[in-house]
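Undergrad: For what it's worth, our numbering labels the leading residue of the sequence shown as 14, then goes sequentially. C-beta: ideal position from N, C-alpha, C; glycine also.
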Amino acid sequence: MNEAPEKTNRLFVETYGCQMNEYDSGIVRRLFGDRGYSVVVDEKEADVILLNTCAVREKAHERVYGRLQSLNHLKRKNPGLVIGVLGCMAQNLGEDLHGMGLPVDLVLGPDNYRDLPELVEGIRTGNGGATLARLSSSETYEEIEPEVVSGCLAFVTIMRGCDNFCSFCVVPFTRGRERSRNPDSIVQEIQNLIQNRNVAEVTLLGQNVNSYKMDDGLDFAGLVRRILNETDIKRIRFTSPHPHDFPLHLLELMASEPRFCNHIHLPLQAGSSEVLNRMNRDYSKETFLNLVKQIRTLMPDVGLTTDIIVGFPGETEEQFQETLELVRACEFDMAYMFKYSEREHTLARKKYADDVSEDDKLDRLGRLISLQTTLGAEKNKREVGRSHKVLVEGTSKRSSSDWMGRTDSGKVVVFSAPEGASLTDLDAYRGTLVDVEIESCTQATLKGKADWSSASSRTGGKVRDNASEPAAV
Ligand code: 5AD
Ligand code: SF4
C-alpha cells in the first residue's frame with residue numbers, strides 16, 4: 014500500500030537586481046521561516062520557488078523569462094511545486110505573467126509580501142494561482158526582521174518607493190510612493206543585528222535616502238545620528254542619495270564621524286545638462302560638478318561611485334562626449350554603466366523615441382567603460398603605500414589563506430591572514446577593524462599587508478596575535 018508522501022516545506026528564493034530586492038528576499042525568508050519552512054540552496058529540492066525580480070532594464074526581464082523556462086521541467090516532474098514571481102517585474106506585468114506559457118502560479122508585487130505565505134498555502138491546497146500587485150502608501154514591513162545577513166554585513170531598508178520620476182525609470186511605478194520607516198524600528202533592527210548576528214556594518218537602503226523624513230522633522234542625517242548614538246555599530250554606509258538634494262550637514266556628519274563611512278554612491282546618469290533635463294534629473298552638469306568638489310573639499314579621501322546611462326533618447330555624440338568629460342573631471346572610483354533601455358509607463362517612453370541605434374549605444378558604452386576602467390585603475394595605483402582601516406569580512410575569493418574586507422571608502426582589499434590562522438580564527442576576526450598597508454593593486458582590488466597588532470575584537474579588546482589557537486571574543 015502506498016502511503017501519501019509527507020508534506021515538506023522547503024523554500025528556494027532567487028534574487029535579481031538591487032540591494033533593496035536582497036532585503037525584500039530576506040523579509041520573504043523570514044515570513045516563511047516563521048511558518049516552519051526551511052531554506053534550500055538547490056531549487057530541485059524545493060517545494061516553493063520564488064524569483065524576486067527586477068524591471069529596471071529589459072535584460073532583467075529576459076533573464077527571468079529564461080529562468081522560468083528552465084524551471085518548466087521541475088514543474089512537470091512535480092506538479093505540486095509552487096513557482097512565484099515577486100518584485101518589480103511582477104508589479105510591472107501583473108496578470109500578464111500568467112498567460113505566457115511559463116510555469117508561474119503566483120505573481121506578487123513588492124508591497125504584498127505579508128500575504129505571500131497564505132497565498133502559497135492556498136495554492137498548495139488546490140486553490141489555484143494568484144496575482145497580487147497592489148501598491149501601498151504605507152507598507153514598510155516595519156516589525157519584520159529579514160534574514161539578510163552576510164557575514165558581518167547587513168542591509169537595512171529605511172524607506173521604500175520613489176517620488177522622483179526620472180523619465181527613464183520604472184521604479185516609481187513598481188515600488189510606488191516614497192515612505193519612510195519609523196526610526197525606532199530601524200534602531201531596534203540594528204541593535205538586534207549587532208547582538209544576535211554579530212553584524213558590524215550596516216548599509217542603509219532607500220531609493221533616495223536624502224528624502225527620508227519623519228513627521229517630527231527627523232531627516233536622514235538625524236536618523237544616522239540616532240543610529241550612531243544608540244547603537245555600537247562599527248560602520249554605517251548608505252545607498253543611494255539623489256544629487257539634487259545633498260545637504261551640507263550630512264556631508265559634515267560624514268566628515269566628522271569615523272563610523273559613518275567615507276563612501277558616496279552618487280548617480281550621475283549623464284554629463285550633458287540637456288540630457289539631464291530630459292531625464293528629469295533636476296540638476297545640471299555644473300551643479301553636479303560643484304557638489305563633487307564640495308564633497309572632496311570636506312572629505313579628501315572619499316570613495317565616489319556612480320551610475321551612468323548612455324544612449325538616452327536624443328543623446329548626440331557631442332552630448333555623450335560631455336559625459337566622458339564629466340567622468341574625467343569627477344574621477345569616480347567605480348561606475349555602473351548601462352545602455353538606455355526603454356521601460357513601460359515611463360515618461361521617456363511616452364515622450365521620446367528610443368532613437369539612438371543599438372550600435373551607437375554599444376559603441377558609447379564600450380568607450381565609457383574603457384575610460385572609467387583606466388581612471389579607476391589610476392586611482393587604485395595612488396593607494397599603494399597608504400594605510401587603511403579595513404573591516405575584516407571573510408576569505409578572499411581565490412584563497413582561504415588570504416582574507417578580504419573594505420576600506421572606509423568602500424574599496425575591496427585582499428590581505429594575508431595572520432600566520433597559521435584557520436577558518437575558525439576568521440570568526441574571531443570577522444567584523445574587526447585592522448590597519449592594512451596597501452602594497453599593490455589590480456583594476457578592481459587593492460592588496461596589502463595587515464598589521465594584526467592593530468586589530469580590535471568585537472568586544473573592544475585586542476585580538477591576540479597568535480590566531481592559530483581558539484580565540485576568545
Ligand atoms: N535604462 C538603463 N539604465 C537604467 N537605470 C534605471 N533605469 C534605466 C533604464 N531605463 C539605471 C540608472 C539607475 C540604475 C539603478 O539603473 O543608472 O541609477
Ligand atoms: Fe528611479 Fe530616479 Fe527614483 Fe532612482 S531617483 S529610483 S533613478 S526614479
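(1) Here's the rule I'm using: 16 or more other beta-carbon atoms within 10 Å means buried, otherwise exposed. How should residue 58 be labelled?
(2) Based on the DSSP output, what are the partners of residue 386 in its beta bridges?
(3) Tell me whether residue 224 sits in a helix, a strand or coil according to DSSP, three-state version.
(4) In the DSSP output, what is residue 298 paired with across the bridge?
(5) From which residue to which residue does the beta strand (DSSP E) around residue 184 run?
(6) Within the 8 angstroms Cβ cut-off, does residue 196 reach chain C?
(7) When every heavy atom of the ligand 5AD is checked, does at least one fall within less than 7 angstroms of the C-beta of residue 181?
(8) Quick check on this structure: which residue in 100, 332, 168 has the alpha carbon closest to the alpha carbon of residue 32?
(9) Throw me the rounded Cβ distance for the residue 214 and residue 238 pair, which I believe falls under 8 angstroms.
(10) CB residue 462 to CB residue 449, shorter than 8 angstroms?
(11) Does DSSP put residue 29 in a helix, in a strand, or in coil?
(12) In chain order, what residues of the same chain have a beta carbon less than 8 angstroms from the beta carbon of residue 344, not counting five sequence neighbours either side?
(13) What beta strand (DSSP E) runs, 3 residues minimum, are completely inside the segment 325-354?
(14) Quick one: Cα of residue 279 to Cα of residue 255, how far?
(15) Can you tell me whether residue 476 is buried or exposed? The criterion is at least 16 other CB atoms within 10 Å of its CB, across all chains shown.
(16) Using DSSP bridges, identify the partner residues of residue 273.
(17) Over the uninterrupted alpha helix (DSSP H) stretch that includes residue 400, give me the two end residues.
(18) Whose CA, out of 363, 369, 359, lies closest to the CA of residue 494?
(19) Tell me where the beta strand (DSSP E) around residue 450 begins and ends.
(20) From which residue to which residue does the beta strand (DSSP E) around residue 438 run?
(21) Is any heavy atom of the ligand SF4 found at a distance shorter than 7 angstroms from the C-beta of residue 178?
(22) Three or more C-beta pairs under 8 angstroms: does that hold for the segment 199-207 against the segment 223-233?
(23) Can you check whether the CB of residue 153 is closer than 8 angstroms to the CB of residue 218?
(24) Answer yes or no: do residue 60 and residue 95 have a C-beta to C-beta separation smaller than 8 angstroms?
(25) Enumerated in chain order, which unbroken segments of the beta strand (DSSP E) with a length of 3 residues or greater are wholly contained in the segment 55-117?
(26) Examine the ligand MN and report whether any of its heavy atoms sits within less than 7 angstroms of the Cβ of residue 354.
(27) Can you grab the Cα-Cα spacing for the pair residue 269 / residue 451, in whole Å?
(28) Return yes when at least one heavy atom of the ligand SF4 lies under 7 angstroms from the C-beta of residue 221, else no.
(29) By Cβ distance below 6 angstroms, which residues in the same chain neighbour residue 430 in space, the five residues on each side in sequence not counted?
(30) Under the three-state reduction of DSSP, which class applies to residue 419: helix, strand or coil?
(31) Which class does residue 214 belong to by DSSP, given the choice of helix, strand or coil?
(32) Nearest to residue 161 by CA position, among 43, 82, 122, is which residue?
(33) To the nearest angstrom, how far is the alpha carbon of residue 400 from that of residue 445?
(34) If you drop the 5 nearest sequence neighbours on each side, which residues of the same chain put their C-beta closer than 8 angstroms to that of residue 375?
(35) Would you call the CB atoms of residue 36 and residue 64 closer than 8 angstroms?
(36) How about residue 197: is its Cβ closer than 7 angstroms to a heavy atom in the ligand 5AD?
TA: If we stick to the structure as given:
(1) Counting from 1 along the sequence shown, the entry for residue 58 is found at position 45. Result: exposed.
(2) Taking the sequence shown and counting its residues from 1, one reaches residue 386 at position 373. Answer is none; residue 386 lacks a bridge partner.
(3) Translated into the one-based positions of the sequence shown, residue 224 becomes position 211. DSSP places residue 224 in helix when its eight states are reduced to three.
(4) The residue labelled residue 298 in the question sits at position 285 within the sequence shown. Per DSSP, none; premise fails for residue 298.
(5) One-based indexing of the sequence shown puts residue 184 at position 171. Element bounds for residue 184: not the beta strand (DSSP E) but the alpha helix (DSSP H), 184-187.
(6) No chain C appears in this structure, which consists of one protein chain only.
(7) What you label residue 181 is simply residue 168 of the sequence shown in a count that begins at 1. Yes; taking the cut-off as 7 angstroms, the Cβ of residue 181 has a heavy atom of the ligand 5AD nearer than that.
(8) Sequence index remark: in the sequence shown, residue 32 carries index 19 (1-based). That would be 168, whose Cα lies nearest to the Cα of residue 32.
(9) Here residue 214 refers to the residue found at position 201 of the sequence shown. Here residue 238 refers to the residue found at position 225 of the sequence shown. Going by Cβ atoms, the distance from residue 214 to residue 238 rounds to 17 angstroms, so no, they are not a contact pair.
(10) Within the sequence shown, numbered from 1, the residue matching residue 462 stands at position 449. Within the sequence shown, numbered from 1, the residue matching residue 449 stands at position 436. Judged by beta-carbon spacing, residue 449 lies within the 8 angstroms limit of residue 462, meaning their Cβ atoms are closer than that value.
(11) The count along the sequence shown starts at 1 and reaches residue 29 at position 16. In the displayed model, residue 29 falls within coil according to three-state DSSP, outside both helix and strand.
(12) Translated into positions along the sequence shown, residue 344 becomes position 331. Its chain contains 317, 388, 392 as the residues whose beta carbon lies nearer than 8 angstroms to that of residue 344, once the 5 sequence neighbours on both sides are disregarded; these appear in chain order.
(13) Those beta strand (DSSP E) runs which fall completely within the segment 325-354 and span 3+ residues are 347-352.
(14) As a position in the sequence shown, residue 279 is number 266, starting the count at 1. As a position in the sequence shown, residue 255 is number 242, starting the count at 1. Cα-Cα distance, rounded: 7 angstroms.
(15) Start at 1 with the first residue of the sequence shown, and residue 476 comes out as number 463. Note that residue 476 scores a pLDDT of 44, beneath 50, so its modelled location is shaky and nothing firm can be said.
(16) Counting from 1 along the sequence shown, the entry for residue 273 is found at position 260. DSSP links residue 273 through a beta bridge to 249.
(17) Residue mapping note: residue 400 aligns to position 387 of the sequence shown, counting from 1. Following the DSSP letters along the chain, one finds residue 400 in no alpha helix (DSSP H) but inside the beta strand (DSSP E) bounded by residues 400-408.
(18) For the chain, the structure presents residues 14 to 486; residue 494 sits outside this window and is missing.
(19) Here residue 450 is taken as the residue at index 437 of the sequence shown, counted from 1. 446-454 is the span of the beta strand (DSSP E), which, as asked, contains residue 450.
(20) Stepping through the sequence shown from its first residue, residue 438 is reached at position 425. In the DSSP annotation of this structure, residue 438 is not part of any beta strand (DSSP E); the continuous alpha helix (DSSP H) holding it starts and ends at 436-442.
(21) Position 165 of the sequence shown, counted from the first residue, corresponds to residue 178. With a cut-off of 7 angstroms, the C-beta of residue 178 is classified as near the ligand SF4, since at least one heavy atom of the ligand falls inside that distance.
(22) Proximity of the segment 199-207 to the segment 223-233 falls short of the contact definition, fewer than three beta-carbon pairs being nearer than 8 angstroms.
(23) Locating residue 218 in the sequence shown gives position 205, where the first residue counts as 1. Locating residue 153 in the sequence shown gives position 140, where the first residue counts as 1. Their beta carbons are not under 8 angstroms apart, which means residue 218 does not touch residue 153 by this criterion.
(24) Here the question's residue 60 lines up with position 47 in the sequence shown. Here the question's residue 95 lines up with position 82 in the sequence shown. Between residue 60 and residue 95, the C-beta gap is smaller than 8 angstroms, which places the two residues in contact.
(25) Complete beta strand (DSSP E) runs here, min 3: 61-66, 95-99.
(26) Summarising the ligand content, the structure contains the ligand 5AD and the ligand SF4 and does not contain the ligand MN.
(27) In the sequence shown, residue 269 corresponds to position 256, counting from 1. In the sequence shown, residue 451 corresponds to position 438, counting from 1. Spanning the two alpha carbons is a distance of roughly 24 angstroms.
(28) On the sequence shown, position 208 is the one that residue 221 refers to. Checking every heavy atom of the ligand SF4 against the Cβ of residue 221, one is found closer than 7 angstroms.
(29) Residue mapping note: residue 430 aligns to position 417 of the sequence shown, counting from 1. The residues 414, 416, in chain order, have a CB closer than 6 angstroms to that of residue 430 in the same chain once the five nearest residues on each side in sequence are set aside.
(30) For the purposes of this step, residue 419 is taken as the residue at position 406 of the sequence shown. Residue state, collapsed to three classes: strand.
(31) Indexing the sequence shown from 1 puts residue 214 at position 201. It is a strand residue.
(32) In the sequence shown, residue 161 corresponds to position 148, counting from 1. Check the Cα spacing between residue 161 and each of 43, 82, 122: the tightest is with 43.
(33) The residue given as residue 400 occupies position 387 in the sequence shown. The residue given as residue 445 occupies position 432 in the sequence shown. Taking the straight line joining both Cα atoms gives about 16 angstroms.
(34) On the sequence shown, position 362 is the one that residue 375 refers to. If we look at residue 375 and ignore the five residues flanking it on each side, its Cβ neighbours are 352.
(35) Indexing the sequence shown from 1 puts residue 36 at position 23. Indexing the sequence shown from 1 puts residue 64 at position 51. For residue 36 and residue 64, no; Cβs fall outside 8 angstroms.
(36) Here the question's residue 197 lines up with position 184 in the sequence shown. Within the chosen limit of 7 angstroms, the ligand 5AD does not reach the beta carbon of residue 197 with any heavy atom.
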